[in-house]
Amino acid sequence: MAIIVKLKKVIAVIFVAVLVVALSLGVRFSGAYAVWQGGTVRQLPVYSVERQDKNISISFDCAWGVDHTDEILKALRIGEVKATWFMVEFWAEKYPDYVKKIDNAGHEIGTHSSTHSYMSKQNAEEIRLELKTSSEAINKVTGKEVELFRPPYGDYDDELIKTATEEGYYSIQWDVDSLDWKDLSATDIAMRVISKVQSGSIILMHNNGLHTAEAVPIIIETLKNKGYTFVPIGELIYRDNYTIDVNGRQIPSKYF
211 MAIIVKLKKV IAVIFVAVLV VALSLGVRFS GAYAVWQGGT VRQLPVYSVE
261 RQDKNISISF DCAWGVDHTD EILKALRIGE VKATWFMVEF WAEKYPDYVK
311 KIDNAGHEIG THSSTHSYMS KQNAEEIRLE LKTSSEAINK VTGKEVELFR
361 PPYGDYDDEL IKTATEEGYY SIQWDVDSLD WKDLSATDIA MRVISKVQSG
411 SIILMHNNGL HTAEAVPIII ETLKNKGYTF VPIGELIYRD NYTIDVNGRQ
461 IPSKYF
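Listed below in structure tokens is the structure:
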């Protein structure tokens, strides 16, 4: 057992060494990039993006109910903001009218899995099925292909990110958590977001948070006044020539 552990460490060190050399030689990588973190090699989703243009993204996870969704859509329309919505398959199937309403408003839609389970406990075949059927449920309504994926609960492992990447998905996390699901006041939600945002941030919110709809206008107005521009996540991220650092920040090749 000790020999196996030592061998794994040696392999990891060799991998990182090769990686460093490759980067120094100008080799470019894309996809969910394996990074050195705490002595291990990991696959990471995109938590945020290295940008200097003050572009940011606001996203909404859709899994339970639609009670406040119209109010959120209204706030986004008034604020002239396009967001990214991550939908669970059973939600999309239960509320196809809202899938269409969100799509028709010009927002971006990604998958949030099929069953909203802890996908790090699934094997590659189960992961592929979740991604396939959930994306098909969205495509059936919008006629558009799905390329963004957010793991339920923010739970993931190497197998999940690797499999999602192989299936053509960009795995997306967040670096600004509104905690709106805790039913904080609109002011508290807004202040949490506003105080943590930086250029390239991805904001996590939920379509059915009790005070989310009230917080959205405050967030939009305040951050716009600070010079930020809201874009869908698909426009925020880089598609190639990038790496991902240990914090999940996507960094374009011009910075390394």
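Its first residue numbered 211, the sequence shown is counted upward by one per residue in our numbering.
Where a beta carbon is used, it is the ideal one built from N, C-alpha and C, also for glycine.
Practice problem: Measure the C-alpha to C-alpha separation of residue 308 and residue 278 and round it to an integer number of angstroms. | Solution: Residue numbering aside, residue 308 sits at position 98 when the sequence shown is read from its first letter. Residue numbering aside, residue 278 sits at position 68 when the sequence shown is read from its first letter. Computed Cα separation, rounded: 12 Å.
Quiz item: Among the residues of its own chain, which have a CB less than 8 Å from the CB of residue 441, if the five just before and after it don't count?
Solution: Locating residue 441 in the sequence shown gives position 231, where the first residue counts as 1. 265, 266, 267 and 292.
Self-check item: Exposure label - residue 288; buried when at least 16 CB within 10 Å
Solution: Within the sequence shown, residue 288 is the residue found at index 78, counting from 1. Exposed, by the Cβ-count rule.
Quiz item: In three-state DSSP terms, what is residue 320?
Solution: Counted from its first residue, the sequence shown places residue 320 at position 110. DSSP places residue 320 in strand when its eight states are reduced to three.
Quiz item: So, are the CB atoms of residue 328 and residue 368 less than 7 Å apart?
Solution: Mapped onto the sequence shown, residue 328 falls at position 118. Mapped onto the sequence shown, residue 368 falls at position 158. It is not a contact, given that the beta carbons lie outside the stated cut-off.
Practice problem: Could you tell me if residue 405 is buried or exposed, where buried requires 16 or more neighbouring beta carbons within 10 angstroms of its beta carbon? | Solution: Here residue 405 refers to the residue found at position 195 when the sequence shown is read from its first residue. Under this definition residue 405 is an exposed residue.
Practice problem: Specify the secondary structure class of residue 446 as computed by DSSP and reduced to three states. | Solution: Reading the sequence shown from its first residue, position 236 is the one you call residue 446. If DSSP states are grouped into helix, strand and coil, residue 446 belongs with the helices.
Practice problem: Determine the extent of the beta strand (DSSP E) in which residue 295 is found, giving its start and end residues. | Solution: As a working mapping, residue 295 is identified with position 85 in the sequence shown. DSSP places residue 295 in the uninterrupted beta strand (DSSP E) bounded by 294–297.
Quiz item: Rounded C-beta distance between residue 347 and residue 299? I'm assuming under 8 Å.
Solution: The residue labelled residue 347 in the question sits at position 137 within the sequence shown. The residue labelled residue 299 in the question sits at position 89 within the sequence shown. So it is a contact: roughly 5 Å between Cβ atoms.
Quiz item: Should residue 256 and residue 460 be called a contact, given that it needs their Cβ atoms to be closer than 7 Å?
Solution: By one-based count along the sequence shown, residue 256 stands at place 46. By one-based count along the sequence shown, residue 460 stands at place 250. In contact: residue 256 and residue 460 (Cβ atoms closer than 7 Å).
Quiz item: Under the three-state reduction of DSSP, which class applies to residue 269: helix, strand or coil?
Solution: Mapped onto the sequence shown, residue 269 falls at position 59. Of the three classes helix, strand and coil, the one that applies to residue 269 here is strand, per DSSP.
Practice problem: Ignore the nearest five residues each way along the sequence and tell me which others in residue 318's own chain have a CB closer than 6 Å to its CB. | Solution: Taking the sequence shown and counting its residues from 1, the one referred to as residue 318 is at position 108. Result list for residue 318: 294, 442 and 444, in chain order.
Quiz item: Given that a residue counts as buried once 16 or more other Cβ atoms are within 10 Å of its Cβ, and exposed if not, what is residue 402?
Solution: Here residue 402 refers to the residue found at position 192 when the sequence shown is read from its first residue. It counts as buried.
Exercise. Could you tell me if residue 417 is buried or exposed, where buried requires 16 or more neighbouring beta carbons within 10 angstroms of its beta carbon?
Key: Within the sequence shown, the letter at position 207 stands for residue 417. Flag for residue 417 reads buried.
Quiz item: When the Cα of residue 363 is compared with those of 331, 394 and 356, which residue comes out closest?
Solution: Locating residue 363 in the sequence shown gives position 153, where the first residue counts as 1. Checking every option, the nearest Cα to that of residue 363 belongs to 331.
Quiz item: Looking at the structure shown, is residue 328 part of a helix, part of a strand, or coil, going by DSSP?
Solution: Counting from 1 along the sequence shown, the entry for residue 328 is found at position 118. Secondary structure at residue 328: coil, using DSSP grouped into helix, strand and coil.
Quiz item: DSSP three-state call for residue 341: helix, strand or coil?
Solution: Residue 341 sits at position 131 when you count from the first residue of the sequence shown. Residue state, collapsed to three classes: helix.
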